[in-house]
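According to full-length UniProt numbering, the residues represented by the sequence shown are 1 to 284, in order.
Quick notes on the structure that follows.
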Amino acid sequence: MTEQSVSFNAPTQYVEVSGRTLAYRTFGHGAPLLLCVRFRGTMDSWDPVFLDNLVQQGFQVTVFDYSGLGRSTGERSYNPALLAKDTIELITALKLGKVILGGWSIGGVAAQIVLAQAPQIVSHLVLIATTPPGMLVKTGEQLFYDLAKRENDFEDFVSLFFEPSSDSSRAAAEHSWNRLTAKREDASPEVPHEWAGAQLGDGPKNPIFPVDAVLHVLKTTSVPVLHLGADHDIAFPVENWYALSDQLPTLHIVTFPSSGHGPQLQYPSAAAKHIAAFIHSLGE
1 MTEQSVSFNA PTQYVEVSGR TLAYRTFGHG APLLLCVRFR GTMDSWDPVF
51 LDNLVQQGFQ VTVFDYSGLG RSTGERSYNP ALLAKDTIEL ITALKLGKVI
101 LGGWSIGGVA AQIVLAQAPQ IVSHLVLIAT TPPGMLVKTG EQLFYDLAKR
151 ENDFEDFVSL FFEPSSDSSR AAAEHSWNRL TAKREDASPE VPHEWAGAQL
201 GDGPKNPIFP VDAVLHVLKT TSVPVLHLGA DHDIAFPVEN WYALSDQLPT
251 LHIVTFPSSG HGPQLQYPSA AAKHIAAFIH SLGE
């Protein structure tokens, strides 16, 4: 990455919360936007071009590592309720007030739980390649579960987050891979794939997220909700959001073509602009 990247050069900071230390980075100025990362992700799993574009759109962006993962201390878990607890306590500790809350993959599940548990701290909900609560009309693919349990090379990266059959998607994957593998001195340690895989299960589930109370909140909330998805997400098919579109009164859906489980990796500028349009058109 170049020296001009605001997000890549942002220092890692730490805050003590309930007997553990949460690592985070904050950069930019404007409305506070906090992002909850994907399964096996850390602060360094966010493409810096996507983050820099969010800053250019007028947001103060915060990324962080969940408890016990990356540079954060404490007990590690992929229980979405505990990830939501991390999120709520970090927002409180940093005195961010009411935030635009974003979440990618399992981070999107955690973000939905935050909305249900602490709606007073969420102004807008931005979900990226995640799943809604309840029964699904389409499950994910076995391939995701196979790839998520092993150390991943570039081809795995393409299969997980892009569309392998598309030349343009592959080209975007190469650019994103190069950005994400750039070294920084205070990089977060990778999440151990052996441990993470043991939390995942052997194959697709239905439902993945069986929390009726959260689905009820999505059906009754006045908080605007945006889902940025892909036309071929092997983990969380976007079709499940379309199936709920007539039941969720504040839901906006954007689906990117020839893309996979990381649409913001493939379309970093467009994704940031869609988020900004969503926020600004509905008021901050």
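Quick reminder that beta carbons are idealized off the backbone N, C-alpha and C, glycines included.
The structure displayed is predicted, hence computed values, not measured ones.
- In this structure, the CA atom of residue 259 is about 5 angstroms from the CA atom of residue 163.
- Fewer than three Cβ pairs drawn from the stretch 168-178 and the stretch 65-72 lie within less than 8 angstroms of each other, which leaves the two stretches out of contact.
- Following the DSSP letters along the chain, one finds residue 199 inside the alpha helix (DSSP H) bounded by residues 193-200.
- Judged by DSSP in its simplified three-state form, residue 46 adopts coil rather than helix or strand.
- DSSP places residue 16 within a strand segment (E or B) once states are collapsed to three.
- Residue 25 sits in a strand when the DSSP states are folded into three classes.
- It is roughly 19 angstroms from the alpha-carbon of residue 113 to the alpha-carbon of residue 205.
- Residue 32: member of the beta strand (DSSP E) spanning 31-36, first to last residue.
- Measuring C-alpha to C-alpha distances from residue 26 to each of 282, 159 and 12 identifies 12 as the nearest.
- A residue is called buried when at least 16 other Cβ atoms come within 10 angstroms of its Cβ; residue 220 does not meet this threshold and is exposed.
- With respect to residue 272, residue 9 sits apart: the two C-beta atoms are not nearer than 9 angstroms.
- A residue is called buried once 16 or more other Cβ atoms fall within 10 Å of its Cβ, and residue 267 is buried on that count.
- By the Cβ-count criterion, residue 40 is buried, with 16 or more other Cβ atoms from all chains shown falling within 10 Å of its own Cβ.
- Here residue 276 is buried: its Cβ has 16 or more other Cβ atoms, across all protein chains shown, within 10 Å.
- Between the alpha carbons of residue 166 and residue 160 lies a gap of roughly 13 angstroms.
- Secondary structure at residue 236: coil, using DSSP grouped into helix, strand and coil.
- Taking 9 angstroms as the cut-off, the beta carbon of residue 15 is found closer than this to the beta carbon of residue 94.
- Bounds of the beta strand (DSSP E) holding residue 127 are 122-128.
- Residue state for residue 92 is assigned as helix, using DSSP reduced to three classes.
- Counting C-beta pairs closer than 8 angstroms gives fewer than three between the stretch 186-198 and the stretch 54-61, which falls short of the contact rule.
- In the three-state reduction of the DSSP assignment, residue 264 falls in the helix class.
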